[in-house]
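Peer 1: This is the structure, below, for whatever I ask next.
In our numbering, the protein residues as written are 162 to 316.
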């Protein structure tokens, strides 16, 4: 096993059960390709997207890798007039994560977090463990021990 990430440390500290998966550290891989490497249903593998609202507040959305965030639905979910994606160069200073390795757990600061409603359909879901080439599998119900989140229709 490779080294532990901050995500894994947070999960262990909060006594949350998880499984970790390591694969080739290739930032050019799409989420769908990562799901294939893990031999998982792409609908069960999620990506973490960071946005900024008109109010300048940041929000985190976790959606299936094959889907695209609907910015209008996301804005409605958070009560903003409009939101947009955070620019790639702003991601690391804001969250502590690089593009392709962003996780809803362990960001520098906690932002309101929303999982797409399909996350509740699976016994477990997969998402980045905080670095490219590493994913965690976790029960959404157990994730409540580590972070606060809401479920929303955002794609």
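Ideal Cβ placement from N, Cα and C applies to all residues, glycine included.
Quantities reported herein were computed from a predicted structural model and do not represent experimental measurements.
For residue 278, which residues in the same chain have their Cβ closer than 7 angstroms to its Cβ, ignoring the five residues on either side in sequence?
Peer 2: Position 117 of the chain shown, counted from the start, is the residue given in the question as residue 278. So the qualifying residues of the chain are 312, 313 and 314.
Peer 1: Going along the chain, which residues of its own chain have a beta-carbon closer than 8 angstroms to the beta-carbon of residue 162, five neighbours each way excluded?
Peer 2: Position 1 of the chain shown, counted from the start, is the residue given in the question as residue 162. With a pLDDT of 49 at residue 162, under the threshold of 50, the modelled position of this residue cannot be trusted; read the value that follows with caution. Cβ within range, chain order: 181 and 183.
Peer 1: Around the Cβ of residue 256, are there at least 16 other Cβ atoms within 10 angstroms (buried) or fewer (exposed)?
Peer 2: Within the chain shown, numbered from 1, the residue matching residue 256 stands at position 95. Residue 256 comes out buried.
Peer 1: In angstroms, rounded to a whole number, what distance separates the CA positions of residue 206 and residue 192?
Peer 2: Your numbering for residue 206 matches position 45 in the chain shown. Your numbering for residue 192 matches position 31 in the chain shown. One alpha carbon belongs to residue 206, the other to residue 192, and they sit about 8 angstroms apart.
Peer 1: According to DSSP, residue 205 sits in a beta bridge with which residue or residues?
Peer 2: What you label residue 205 is simply residue 44 of the chain shown in a count that begins at 1. For residue 205, which the question treats as bridged, DSSP gives no partner whatsoever.
Peer 1: Please classify residue 298 as buried or exposed, where buried requires at least 16 neighbouring CB atoms within 10 angstroms.
Peer 2: Taking the chain shown and counting its residues from 1, the one referred to as residue 298 is at position 137. Its Cβ being crowded by 16 or more others within 10 Å, residue 298 is buried.
Peer 1: Provide the residue span of the beta strand (DSSP E) that contains residue 186, from first to last.
Peer 2: Residue mapping note: residue 186 aligns to position 25 of the chain shown, counting from 1. Neither: residue 186 is in no beta strand (DSSP E) and is coded neither H nor E.
Peer 1: If we call anything under 8 angstroms between Cβ atoms a contact, is residue 232 one with residue 251?
Peer 2: Here residue 232 corresponds to residue number 71 of the chain shown, with the count starting at 1. Here residue 251 corresponds to residue number 90 of the chain shown, with the count starting at 1. Judged by their CB atoms, residue 232 and residue 251 are not nearer to each other than the 8 angstroms cut-off.
Peer 1: Sort 276, 274, 265 and 280 by Cα distance to residue 172 and report the nearest one.
Peer 2: By one-based count along the chain shown, residue 172 stands at place 11. Ranked by Cα distance from residue 172, the options 276, 274, 265 and 280 are led by 265.
Peer 1: Please list the terminal residues of the continuous alpha helix (DSSP H) segment that includes residue 167.
Peer 2: To locate residue 167, count along the chain shown from 1; it is residue 6. Element bounds for residue 167: 167-174.
Peer 1: Quick one: what's residue 305 bridged to in DSSP?
Peer 2: The residue given as residue 305 occupies position 144 in the chain shown. For residue 305, which the question treats as bridged, DSSP gives no partner whatsoever.
Peer 1: Measuring straight from C-alpha to C-alpha, what distance separates residue 190 and residue 215?
Peer 2: Locating residue 190 in the chain shown gives position 29, where the first residue counts as 1. Locating residue 215 in the chain shown gives position 54, where the first residue counts as 1. So the two alpha carbons sit approximately 31 angstroms from each other.
Peer 1: Can you tell me where the beta strand (DSSP E) holding residue 297 begins and where it ends?
Peer 2: Working through the chain shown from its first residue, we reach residue 297 at position 136. That run of the beta strand (DSSP E) goes 295-299.
Peer 1: Relative to the C-alpha of residue 293, which candidate in 217, 237, 218 and 209 has its C-alpha closest?
Peer 2: Sequence index remark: in the chain shown, residue 293 carries index 132 (1-based). It is 209.
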